[in-house]
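Engineer:
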Amino acid sequence: MGIMVWLAWGPVGYADDVTGVARLMQLLRMDETVEVMRLEGLKFGHDLGRDMLPGGGGTVWATQVERLYDVDRMQRLVETTFAAALDGVDTAPLTMFFASDLGQRIIEGELSTRRLFLSPEEEQVAREAFSQLDPDTTPMIAAIAAYMRTNDLVDYNVVGVMNANYAFYRGLADGGMIQMSEDEILSEAWASEAETRTDTREWLFAYLLQSYSGLTPEDMTRYTELSATPEGQALNRALFAGFDQMYGELSFGLGLAISAQGQGEEL
């Protein structure tokens, strides 16, 4: 709705901004990323039902999860928030970079690894490979660490997980499955922060080392330099804003759905 209003009433140049953002989303292959995230979500939903519902929830729960993880809705949530966050940002330097051979190799590597990590076994292999590397003899570790620091990837991801946890408990509470105050929900949601931070750092190194295995440290330096620019920082914030919005709504929906089915089966 916000984008439609801007198209109707915004300044003349805004149409060019929308075109630029749309082109950037295309280069980032965000639609494919959301499709992979849907597959991750379906697996997570299955595991959640197994852990929280009698008999895993059966076909009723499977149908609920399929409905929640509607790829078109997920895409709209991400794109709307992403576009709004980039309002007024010059996307030309970003488009130029991601249209380049290096930019496309980066995106292809990230997508390929995300698909690979759909297998827990493959993810574990990548984690173990990272744990066995010597930072003193592996220049890519330092290059990736610099990229992670520039984009505050650990903090952003940890906050995203904690916000999703909060939304899930909020859904459980609003659905009547649990009785918790706001302070209790916040406390519960953030209880695993330290453990999550450690796991997130390990996952990021494993994921990025696998994703950028075809790059050189010099390639990573170029990518990090782009990330450090005002436009690169705006892109980073917009990406996290878009995906956090999506995960927050999905997590709240999962909480409500678990609550509804769990209480129905108790009756």
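In terms of numbering that gives the first Met the number 0, the sequence shown opens at residue 0 and continues consecutively. Backbone N, C-alpha and C define an ideal beta-carbon position, used for all residues, glycine too. Nothing here was measured: the structure is a model prediction, and the numbers come from that model.
Using C-beta distances below 6 Å, list every residue in its chain close to Leu-234, excluding the 5 sequence neighbours before and after it, in chain order.
Structural biologist: For the purposes of this step, residue 234 is taken as residue 235 along the sequence shown, with counting starting at 1. If we look at Leu-234 and ignore the five residues flanking it on each side, its Cβ neighbours are Leu-93.
Engineer: Quick check: what's the CA-CA separation for Ala-205 versus Leu-214?
Structural biologist: Taking the first residue of the sequence shown as 1, we reach residue 205 at position 206. Taking the first residue of the sequence shown as 1, we reach residue 214 at position 215. Cα to Cα, the separation comes out at about 15 Å.
Engineer: Report yes if the CB atom of Leu-171 is closer than 8 Å to the CB atom of Gly-254, and no otherwise.
Structural biologist: The residue labelled residue 171 in the question sits at position 172 within the sequence shown. The residue labelled residue 254 in the question sits at position 255 within the sequence shown. Contact: yes.
Engineer: Within a Cβ cutoff of 7 Å, which residues of the same chain sit near Ser-210, ignoring the five residues on either side of it in sequence?
Structural biologist: The sequence position of residue 210 within the sequence shown is 211, counting from 1. If we look at Ser-210 and ignore the five residues flanking it on each side, its Cβ neighbours are Gly-108, Glu-109, Thr-112.
Engineer: When the Cα of Ser-118 is compared with those of Asp-30, Glu-39, Met-245, which residue comes out closest?
Structural biologist: The sequence position of residue 118 within the sequence shown is 119, counting from 1. Closest option to Ser-118, Cα to Cα, is Glu-39.
Engineer: Suppose you measure from the CA of Val-11 to the CA of Phe-97; what does that come to, to the nearest Å?
Structural biologist: Position 12 of the sequence shown, counted from the first residue, corresponds to residue 11. Position 98 of the sequence shown, counted from the first residue, corresponds to residue 97. With a pLDDT of only 34 at Val-11, under 50, the local geometry of the prediction cannot be trusted, and the value read off the model is given with reservation. The straight-line gap from Cα to Cα measures roughly 26 Å.
Engineer: Just reading off the alpha helix (DSSP H) that Asp-86 is part of, what are its end residues?
Structural biologist: Looking up residue 86 in the sequence shown gives position 87. Where Asp-86 is concerned, there is no enclosing alpha helix (DSSP H), given that its DSSP letter is neither H nor E.
Engineer: Could you check what DSSP says for Arg-28 in three-state terms: helix, strand or coil?
Structural biologist: Walking along the sequence shown from the start, residue 28 turns up at place 29. In the structure shown, Arg-28 sits in coil (DSSP, three-state: anything other than H, G, I, E or B).
Engineer: I'd like to know if the region 72-84 and the region 232-249 are in contact, where contact means that at least 3 CB-CB pairs between them fall below 8 Å.
Structural biologist: yes
Engineer: Could you say which of Ile-184, Gln-123, Thr-58, Leu-47 lies nearest to Arg-169 if we only look at CA atoms?
Structural biologist: Here residue 169 corresponds to residue number 170 of the sequence shown, with the count starting at 1. Ranking Ile-184, Gln-123, Thr-58, Leu-47 by Cα distance to Arg-169 puts Ile-184 first.
Engineer: Between Met-29 and Asp-133, what straight-line distance do the alpha-carbon atoms span, to the nearest angstrom?
Structural biologist: Numbered from its first residue, the sequence shown carries residue 29 at position 30. Numbered from its first residue, the sequence shown carries residue 133 at position 134. Roughly 33 Å between the two C-alpha positions.
Engineer: Check the C-beta distance from Gln-262 over to Met-179 and give it rounded, since I have them as a contact under 8 Å.
Structural biologist: The residue given as residue 262 occupies position 263 in the sequence shown. The residue given as residue 179 occupies position 180 in the sequence shown. About 15 Å separates the two Cβ atoms, so there is no contact after all.
Engineer: When DSSP labels each residue in this structure, what does Asp-69 get in the three-state scheme?
Structural biologist: In the sequence shown, residue 69 corresponds to position 70, counting from 1. Assigned with DSSP and collapsed to three states, Asp-69 falls in coil, not helix or strand.
Engineer: Going by the beta-carbon positions, is the gap between Asn-156 and Ser-226 smaller than 8 Å?
Structural biologist: By one-based count along the sequence shown, residue 156 stands at place 157. By one-based count along the sequence shown, residue 226 stands at place 227. No. Outside cutoff.
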